[in-house]
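One structure is given below, encoded as structure tokens.
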Amino acid sequence: GESVGLHLPTLSVQEGDNSIINCAYSNSASDYFIWYKQESGKGPQFIIDIRSNMDKRQGQRVTVLLNKTVKHLSLQIAATQPGDSAVYFCAERAVGGYNKLIFGAGTRLAVHP
Amino acid sequence: DSGVTQTPKHLITATGQRVTLRCSPRSGDLSVYWYQQSLDQGLQFLIQYYNGEERAKGNILERFSAQQFPDLHSELNLSSLELGDSALYFCASSALRGPTDTQYFGPGTRLTVL
Numbered sequence: 013g014e015s016v017g018l019h020l021p022t023l024s025v026q027e028g029d030n031s032i033i034n035c036a037y038s039n040s041a042s043d044y045f046i047w048y049k050q051e052s053g054k055g056p057q058f059i060i061d062i063r064s065n066m067d068k069r070q071g072q073r074v075t076v077l078l079n080k081t082v083k084h085l086s087l088q089i090a091a092t093q094p095g096d097s098a099v100y101f102c103a104e105r106a107v108g109g110y111n112k113l114i115f116g117a118g119t120r121l122a123v124h125p
Numbered sequence: 162d163s164g165v166t167q168t169p170k171h172l173i174t175a176t177g178q179r180v181t182l183r184c185s186p187r188s189g190d191l192s193v194y195w196y197q198q199s200l201d202q203g204l205q206f207l208i209q210y211y212n213g214e215e216r217a218k219g220n221i222l223e224r225f226s227a228q229q230f231p232d233l234h235s236e237l238n239l240s241s242l243e244l245g246d247s248a249l250y251f252c253a254s255s256a257l258r259g260p261t262d263t264q265y266f267g268p269g270t271r272l273t274v275l
């Protein structure tokens, strides 16, 4: 498949370790945030979301943390597996934008056995 | 599989030509979004439709247009194509109900302009 974002920052982790992917968002008034995973040749896949009235949300092996003070979002993946290798994007919902999403640049996660 | 379908998967065409990309949303979703993903620009919002009507516009060029039909499928028309239009084009859909409205993305159409 084609490569997306050849010059993306890369996070390399060992299989079984925990991964933390960070994202800075732009608008302090954004009210909803989503993490997407994009594998090579595929469309972005929803992972987890969080509303601005929360600071933490957990899913299966994933946790999203929101720090509104510094406009920072993080995605934690527990026990990272080779299948987690992908590009990860955070997205914020633009205020007054009818659910329009603004995407971050993305981070490539490389999981090594 | 997100339930959003896009055709064709690949398109190769020449500069100056016109192409149409097609998207079928998930069953029950009324809102369709189009995004462009290029190597240097990341994922950029182009336009959104809700139940046949345009809802929001992003950085969509005047050479590009879209519409959503009564059966809720959507088409993105790209005309007078330039080399720089080569990119992945994604469609997403959502139900647009409630405060958290997840967008589900299709597999994309890869456009190559030669």
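As they're listed, the protein sequences go chains A and E.
Convert by adding 12 to the 1-based position in the first sequence; the result is the number in my numbering.
Convert by adding 161 to the 1-based position in the second sequence; the result is the number in my numbering.
C-beta atoms are modelled at their ideal positions from N, C-alpha and C, and glycine is treated no differently.
Discussion item. Once DSSP output is grouped into helix, strand and coil, what is the label at E:G213?
Written reply: In this structure, E:G213 counts as coil in the three-state DSSP scheme.
Worksheet item: When we look at the beta-carbon of E:R224 and count the other beta-carbons within 10 Å, is it buried (16 or more) or exposed?
Response: Burial call: exposed.
Worksheet item: How would you write the range of the beta strand (DSSP E) that A:K68 sits in, first residue to last?
Response: Annotation: the continuous beta strand (DSSP E) that includes A:K68 extends over 68 to 70.
Practice prompt. Output yes if chain A places a C-beta closer than 9 Å to the C-beta of E:Q264; else output no.
Written response: Yes, E:Q264 lies at the interface with chain A (some Cβ there is under 9 Å from its Cβ).
Worksheet item: Just reading off the beta strand (DSSP E) that A:D61 is part of, what are its end residues?
Response: Residues 57 to 63.
Worksheet item: What does A:L1 pair with, by DSSP beta-bridge criteria?
Response: Since the displayed chain A opens at 13 and closes at 125, residue 1 of chain A lies outside it and no answer follows.
Discussion item. Going by DSSP in three states, E:G164 sits in which element: helix, strand or coil?
Written reply: E:G164: coil per DSSP, three-state reduction.
Worksheet entry | Contiguous alpha helix (DSSP H) assignments of at least 4 residues, all confined to the stretch 175 to 228 of chain E | Qualifying alpha helix (DSSP H) stretches: none in this window.
Item to complete: Return helix, strand or coil for E:L244, following the three-state DSSP convention.
Response: Three-state result, E:L244: helix.
Worksheet item: Tell me which same chain residues have a C-beta within less than 7 Å of the C-beta of E:G189, skipping the five on either side of it?
Response: Exclusion of the five residues before and after E:G189 leaves A256 as the residues of its chain whose Cβ lies within less than 7 Å of its Cβ.
Worksheet item: Near A:P125, what residues of its chain come up, given a Cβ to Cβ distance below 6 Å and the 5 sequence neighbours on each side ignored?
Response: Cβ contact annotation for A:P125 (same chain, cutoff 6 Å, sequence separation greater than five): E27, in chain order.
Discussion item. Within a Cβ cutoff of 6 Å, which residues of the same chain sit near A:I60, ignoring the five residues on either side of it in sequence?
Written reply: So the list reads W47, G71, V74, V76, once near-sequence residues are dropped.
Worksheet item: Can you give the Cα-Cα distance for E:D246 and A:G118, rounded to whole angstroms?
Response: Taken atom to atom, the span from the alpha-carbon of E:D246 to that of A:G118 is near 21 Å.
Item to complete: Please report how far the alpha carbon of A:R69 lies from the alpha carbon of A:D43, in whole angstroms.
Response: Taking C-alpha positions only, A:R69 is separated from A:D43 by approximately 15 Å.
Discussion item. Is there a C-beta anywhere in chain A that falls below 9 Å from the one on E:F206?
Written reply: For E:F206, the nearest beta carbon of chain A is closer than 9 Å to its own beta carbon.
Discussion item. For the beta strand (DSSP E) containing E:V274, name the first residue and the last one.
Written reply: For E:V274, the uninterrupted beta strand (DSSP E) run begins and ends at 270 to 274, by DSSP.
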